[in-house]
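Input: a single structure, listed below in structure tokens.
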Amino acid sequence: MNRKAVFKALKRSKGGIPRPIQFTNAPIEESNLAKMPSRDKAYLYQLCRQVQEEPLRVIPELLALQKQYPKVPAIANYLCLSYMHSQQEELYFATLMEARERFPEYLFGKIGLAEYYLNHQEHTQVPKTLEKKYEIWQHCPNVEVFHVSEVRSFFSVVGTYFARCNQIARALYHYCMLVDIAPDHHATKRVGDEIILKELNKVTQRFSKRA
4 MNRKAVFKAL KRSKGGIPRP IQFTNAPIEE SNLAKMPSRD KAYLYQLCRQ VQEEPLRVIP
64 ELLALQKQYP KVPAIANYLC LSYMHSQQEE LYFATLMEAR ERFPEYLFGK IGLAEYYLNH
124 QEHTQVPKTL EKKYEIWQHC PNVEVFHVSE VRSFFSVVGT YFARCNQIAR ALYHYCMLVD
184 IAPDHHATKR VGDEIILKEL NKVTQRFSKR A
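Start counting the sequence shown at 4; every next residue gets the next number (my numbering).
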């Protein structure tokens, strides 16, 4: 992969080169989450770590926490993940939509819904979900430093979307950034696989035309 060629192609494009951002591994808490008592916050983080392996067990506990702290969007996010991992598709989508309505500016809410559409082969829904804002700072104009998990998730969703739209230079840009951030993460691999699949399809179509 020639990074210079990718940046050169982006420079010539209508959108230009995305604006650089800063990110960190240090904890960054959403304001309402930060207001939770430390004991309940630690309990929420404990549940988060169990979402993937024991989703059915943590769902009732997350629902109880959500009732106690209805203004904390992270709880809704963990509920969505729990429904996804327990393969409760209707509840998963309904909770995504509810969270999007209740917390319209919550970045992970937008990312989660965009991810759902990508997983269900509905990538044309992504522009509406992200309000046609394909740079992370556009969603949080007052944020100077993002958490690495936000950047990784956002770049993966946007990179996958661009690959499916055949905007390969933009997909490659996000893949390059993901390689720098988390080279072995499944989010990085996903974008790379999407790009390869798109390029292989082009080769297949060319050979089909010749045949």
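For each residue, glycine too, the CB sits at the ideal point set by N, CA and C. Please read all numbers here as calculations on a predicted model, not as lab measurements.
In three-state DSSP terms, what is residue i?
i	result
Phe26	strand
Val148	strand
Asp196	helix
Pro21	coil
Lys131	helix
His142	helix
Asn5	coil
CA-CA distance, residue i and residue j?
i	j	result
Thr98	Arg209	43 Å
Lys201	Pro40	48 Å
His123	Lys131	16 Å
Glu125	Val182	26 Å
Asn5	His189	22 Å
Glu104	Val75	13 Å
Glu32	Ser85	21 Å
Ala8	Lys14	10 Å
Phe158	His142	13 Å
Gln53	Phe10	40 Å
Phe149	Tyr72	24 Å
Ala29	Thr207	45 Å
Glu197	Asn204	11 Å
Glu153	Gln25	11 Å
For residue i, which residues from the same chain have a beta carbon less than 6 Å from its beta carbon, with the 5 sequence-adjacent residues on both sides left out?
i	result
Gly162	Ala174, His177, Tyr178 and Val194
Leu36	Val75 and Ala77
Can you list, in chain order, the residues of its chain with a C-beta nearer than 7 Å to that of residue i? Leave out the 5 residues immediately preceding and following it.
i	result
Gln55	His88
Pro222	This structure cannot settle anything about residue 222, because the visible part of the chain is limited to 4 through 214.
Met180	Phe158
Leu116	Leu99, Arg103 and Thr132
Leaving aside the five residues before and after residue i along the sequence, list all residues of the same chain whose C-beta is less than 8 Å from its C-beta, in chain order.
i	result
Phe96	Tyr119
Roughly how far, in whole angstroms, is the beta-carbon of residue i from the beta-carbon of residue j, given that I think they are within contact range, below 8 Å?
i	j	result
Ile78	Leu68	5 Å
Ile184	Ser156	Ile184 to Ser156, Cβ: 11 Å. No contact.
Q. Along the chain, which unbroken stretches of the alpha helix (DSSP H) at least 4 residues long are found entirely within the stretch 63-109?
A. 76-88 and 92-105
Q: Counting only runs of 4+ residues fully inside the stretch 25-56, write out the alpha helix (DSSP H) ranges in chain order.
A: 34-37 and 41-53
Q | Contiguous alpha helix (DSSP H) assignments of at least 4 residues, all confined to the stretch 148-193 | A | 151-167 and 171-184
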